[in-house]
Amino acid sequence: MAKARTATVFFCQNCGYESAKWMGQCPACKQWNTLVEEKVSVTGSGMGGSAKITPAKDRPKPVAISTIDMKEEDRVSTGLAELDRVLGGGIMAGSLTLVGGDPGIGKSTLLLQVCRNLVNAGHKVLYISGEESLKQIKLRANRIGEFKDTMLLLCETNLELVEDAIKQAQPEVVIIDSIQTMYQESVSSAPGSVSQVREATNIFLQLAKGMGISIFIVGHVTKEGTVAGPRVLEHMVDTVLYFEGDRHASYRILRGVKNRFGSTNEIGVFEMRKDGLVEVANPSEFMLNGKPEGASGSVVVCSVEGTRPILIEIQALVCRTNFGIPRRQTTGTDFNRVNLLMAVLEKRLGIQIGDCDAYVNIAGGMKINEPAIDLGIIMAIVSSYKNRPIDEKTIVFGEVGLSGEVRAVSQAQQRVQEARKLGYETVIMPKVSAEGLENIKGIKIIGVSGIGEAIDII
């Protein structure tokens, strides 16, 4: 057997590209400063070494797609309706799910609550932690409630031992907290490195598909908000969930950015309390809680996240600048999009706000980049500039083009129905989308074709 030796290899953290030397730009994904150095073990035999050949009787054979028996989706409820919504109806058997989020945001708390609900429903769960001791996990679990004996705990970071424990315990659901702490002894690099994360994810993927168990992987995030490690990690898993929110606030938003078994960009809203996370059944009402009455620069818009329409408040503050260059700042929406909409206002309506400071905020901590909130941003800016409040019972939505036209948006009927359900009386929306919605009773629909018509309503 050839003796193993150590070699230096550079991996791209974004796409997983491998190079023998460092480069400033990855030639595969064209990203800058993403290559990191790793020590890997290679054998002297190289590609010419002996290969393991699978016996002919064990080799998989291609089958016709028409012969595959399709039964009803085998899903298990998490006991949290908001999480089930994001997952597409529950936990799919044999799925691999990645949960990312800032430190202290509540990832482990959420998964512990899922574990408690699953064991109470008669399922066997294995919680594997590489960051906490058994007593520390128990201490956190006591705040959530009582757990049955089908909830198993293991503190281990060695992948071979973890794999053996999963095969021996035969659980239905496995929690890995976290992927960055797992290591394979045969890979000569530190835990959390590109090689280790990729190897660990590959092993858990084989376990999930081979044994039909559902595995949740907790992933740390970088300062840019993406999961630490190679981008290939997100490609390998079935579902990617991000836990968002301010650690100093009570709300948390769980967003699905990838889902092979359901809709993407679906969100679930939770409130953090001392006994754990509590679902928010009506996010629209929760987001609008505390909205000021009769204040200029405040407007309610309807955005669609996945399949769910949500009413949110957009706040704008426009005032004369005391500096040579006006200051622009946005929170919760795209900075460049707001600058574009302000340029449209100046060019098409002649509203001179080029020498004004402008601040735009999405209340409630939501992050919305949907074009349907364009009209709401423009009306909030004009309302603050002219110091004219918008009617409290009015909501707005519509995409704005560079010519100042208000363009159609998707799911207009669902947005109107959500507004009516929460007691709003007037909807300002694109004229094209308003066609055919006049029969909806209990709410007045105003269709506009340009931003000038919408501003005249203020």
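Just so you know, we're using numbering that gives the first Met the number 0 here: the sequence shown kicks off at 0 and counts up by one. Backbone N, C-alpha and C define an ideal beta-carbon position, used for all residues, glycine too.
Checking 8 Å against the spacing of the C-beta atoms, do VAL268 and LYS257 come in under that value?
no
With a Cβ-Cβ cutoff of 8 Å, do ARG259 and TYR241 count as a contact?
It is not a contact, given that the beta carbons lie outside the stated cut-off.
Output the distance between the C-alpha atoms of GLY400 and ASP163, rounded to the nearest integer angstrom.
58 Å
Beta-ladder partner(s) of PRO429, from DSSP:
VAL447
What residues in its chain sit with their C-beta under 7 Å from that of GLY23, if we drop five residues either side in the sequence?
TRP31 and ASN32, listed in sequence order.
Look up HIS234 in the DSSP assignment and say whether it is helix, strand or coil.
helix
Report the option in ARG272, ASN368, ASN335 and ILE376 whose CA atom is closest to the CA atom of ALA315.
ILE376
Same chain, Cβ closer than 8 Å to PRO325, neighbours up to 5 away in sequence not counted
Taking C-beta separations shorter than 8 Å and ignoring five residues to either side along the sequence, the partners of PRO325 in its chain run GLY353, ASP354, CYS355, ASP356 and ALA357, following chain order.
Alpha carbon of VAL173 to alpha carbon of PHE215, nearest angstrom
6 Å
DSSP state of PHE334 mapped onto helix, strand, coil:
helix
Give the single residue among CYS28, GLU37 and THR5 whose Cα lies nearest to the Cα of LYS20.
GLU37
State yes or no: is the C-beta of ARG458 within less than 8 Å of the C-beta of GLY397?
Lying before the first or after the last residue shown, residue 458 is absent from the chain, which here runs from 0 to 457.
Return the chain-ordered list of same chain residues with a C-beta closer than 8 Å to the C-beta of LYS392, the five sequence neighbours on each side being excluded.
GLY422, TYR423, GLU424 and THR425
Could you check whether the region 302 to 318 touches the region 118 to 130, counting it as contact only if at least three pairs of C-beta atoms, one from each stretch, sit closer than 8 Å?
no
Where the alpha helix (DSSP H) containing GLU198 begins and where it ends
193 to 210
Under the DSSP definition of a beta bridge, which residues are partnered with HIS461?
Outside the shown range of the chain, which is 0 to 457, sits residue 461, and nothing can be said about it.
Candidates ILE350, ALA379 and ASP176: which alpha carbon is nearest VAL359's?
That would be ALA379, whose Cα lies nearest to the Cα of VAL359.
Assuming ILE457 and ILE389 are in contact, meaning their beta carbons sit under 8 Å apart, how far apart are those beta carbons, in whole angstroms?
So it is a contact: roughly 6 Å between Cβ atoms.
With C-beta atoms as the reference, is ASN157 less than 8 Å away from TYR182?
yes
May I have the straight-line CA-CA distance separating SER44 from GLY89, to the nearest angstrom?
Any reading at SER44 needs caution, since the residue's pLDDT is 45, under 50, leaving its predicted position unreliable; the model's value is listed next. Looking at the two C-alpha atoms, the distance is approximately 47 Å.
Can you give me the Cβ contacts of LYS147 inside the same chain, cut-off strictly under 7 Å, excluding the 5 residues immediately before and after it?
VAL118 and ASN119
For ARG142 and ASP333, believed in contact at Cβ under 8 Å, the rounded distance
At roughly 38 Å, the Cβ-Cβ gap does not stay under 8 Å, so ASP333 and ARG142 are not in contact.
Residue range of the alpha helix (DSSP H) that GLY375 falls in?
373 to 385
Let me check understanding here. Comparing Cα to Cα, which of GLY449, MET365, ARG414 and PRO282 lies closest to GLU404?
The shortest Cα separation from GLU404 among GLY449, MET365, ARG414 and PRO282 belongs to GLY449.
Touch check for the region 148 to 155 and the region 128 to 140: three-plus C-beta pairs under 8 Å?
yes
Are the Cβ atoms of LEU374 and ALA453 separated by less than 8 Å?
Cβ distance < 8 Å, so LEU374 and ALA453 count as in contact.
Exposed or buried, what is ARG139 when buried is set at 16 or more other beta-carbons lying within 10 Å of its beta-carbon?
exposed
Quick check on the burial criterion: 16 or more other C-beta atoms within 10 angstroms. Buried or exposed for LYS134?
exposed
Quickly, what does DSSP pair ASN157 with across the bridge? List them, please.
TYR182
Who are the Cβ neighbours of MET0 in its own chain at under 7 Å, not counting the five residues just before and after it?
Interpretation of MET0 is limited by its pLDDT of 45, a score under 50 that renders its predicted location unreliable; the figure taken from the coordinates is listed afterwards. The same chain holds no residue with a CB closer than 7 Å to that of MET0 once the five nearest residues on each side in sequence are set aside.
By Cβ distance below 6 Å, which residues in the same chain neighbour ASP73 in space, the five residues on each side in sequence not counted?
ALA92
Starting from the C-beta of CYS114, find all residues in its chain whose C-beta is less than 8 Å away, skip the five residues before and the five after it, and write them out in chain order.
VAL124, TYR126, PHE146, MET150, VAL172 and ILE174
Assuming THR393 is part of the beta strand (DSSP E), what are its boundary residues?
393 to 395
Straight-line Cα distance separating VAL35 from GLU345:
46 Å
Using a Cβ-Cβ cut-off of 7 Å (strictly less than) and excluding sequence neighbours within five positions of ASN13, which residues of its own chain qualify?
So the qualifying residues of the chain are CYS25, CYS28, GLN30, THR33 and ARG230.
Considering Cα atoms alone, identify which of VAL415, ILE350, ILE427 and LEU310 is closest to SER383.
The shortest Cα separation from SER383 among VAL415, ILE350, ILE427 and LEU310 belongs to ILE350.
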